[in-house]
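Residue numbers (our numbering): 2 to 364.
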Ligand SMILES: [Zn+2]
């Protein structure tokens, strides 16, 4: 059967007058098309793509939003933008993870000319073994030794639309943070682990941030959990509730999660434990905190009642946020005096945050 097809292709190629080196293009089900604009600079250099069964079946509006979010980084975080631009960082917008899987799988089976199967490796976020991936709206792959691409989904595998939880600007900025984690891996000295979020500098800063912003053992000491001014007041978790466009359970009790106490699901938990229970990997993994801080500095929001951006407000995570601000906006580390001036989160009694300055330049 294979031989028959090969000889037919050969005959067609000869009949069409092609050289035998020009293989006829394989017809794929899912294809990607460049997002275009009057500009030709990144990401309008072919790096931003929209994908679907045809150009008209691709999520054009979302893809435009994705490209716009990448392009706007030029205005307020030029070093970060330049990193993406120099790498031609590929961002593809898919309707859903099923089409994403088809896109990669059919190229893995029949690689396009000049590529091999290994170029089309991908994490299968439709796998039953990956409940976290099934809820994801974005994948950047791989993280090490270097990212090759980002995929973003208009609707995740659980059937929940991106817009009901966050928005395309936030998600694009978050995924771009995973690239910056790689691009800036060596800024704090040789880092054998290959990511800034795994460096010893990051480790020192995040330890103080977590202690100041989300104390592990003290409930309500500085930050009320629920009620007026409560950290979780009106917020929902990332639990996927099938068929619910809103999705998620309120973390606090009462109408629209604005009651005085945690719901039963979270009763007795400290703020840090609630975050870890409620938001997947967003606060469990260093790389996710770094990516969320990238989205913070890109001034994106991910909307109440869902989303994680609000937890970075009010001077929380001040040490790592300063590191990311200077790195993304200036392409350099903060100075020791800048880091020493970081203050504690609002509501925590005031004073300096006590961010360690080891490893930072003096000026
Ligand atoms: Zn992430």
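Cβ atoms here follow ideal geometry from the backbone N, Cα and C, with glycine treated the same way.
- Remark: fewer than three beta-carbon pairs, one from each stretch, lie closer than 8 Å, so the segment 225-241 and the segment 297-304 are not flagged as touching.
- The beta carbon of residue 294 sits no closer than 6 Å to any heavy atom of ligand 1.
- Per DSSP, the unbroken beta strand (DSSP E) holding residue 154 starts and ends at 150-154.
- Along the segment 116-193, the beta strand (DSSP E) occurs as fully enclosed runs of 3 or more residues at 139-142, 150-154, listed in sequence order.
- Per DSSP, residue 92 lies in no alpha helix (DSSP H); the unbroken beta strand (DSSP E) holding it starts and ends at 91-95.
- Scanning its chain for C-beta atoms nearer than 8 Å, with the 5 sequence neighbours on each side dropped, one finds around residue 352 the residues 344, 345, in chain order.
- For the 7 Å CB-CB criterion, residue 211 and residue 203 do not form a contact.
- Here residue 333 is exposed, its C-beta having fewer than 16 other C-beta atoms within 10 Å.
- When secondary structure is reduced to three states using DSSP, residue 302 falls in the coil class, being assigned neither helix nor strand.
- The residues 353, in chain order, have a CB closer than 8 Å to that of residue 342 in the same chain once the five nearest residues on each side in sequence are set aside.
- Proximity to residue 62 across 48, 109, 169 peaks at 169, based on C-alpha coordinates.
- Here the segment 42-51 makes no contact with the segment 137-149; the two share fewer than three CB pairs at distances below 8 Å.
- Look at residue 49 here: in three-state DSSP terms it is strand.
- Taking all protein chains in view, the Cβ of residue 120 is surrounded by fewer than 16 other Cβ atoms within 10 Å, so the residue is classified as exposed.
- Judged by DSSP in its simplified three-state form, residue 334 adopts coil rather than helix or strand.
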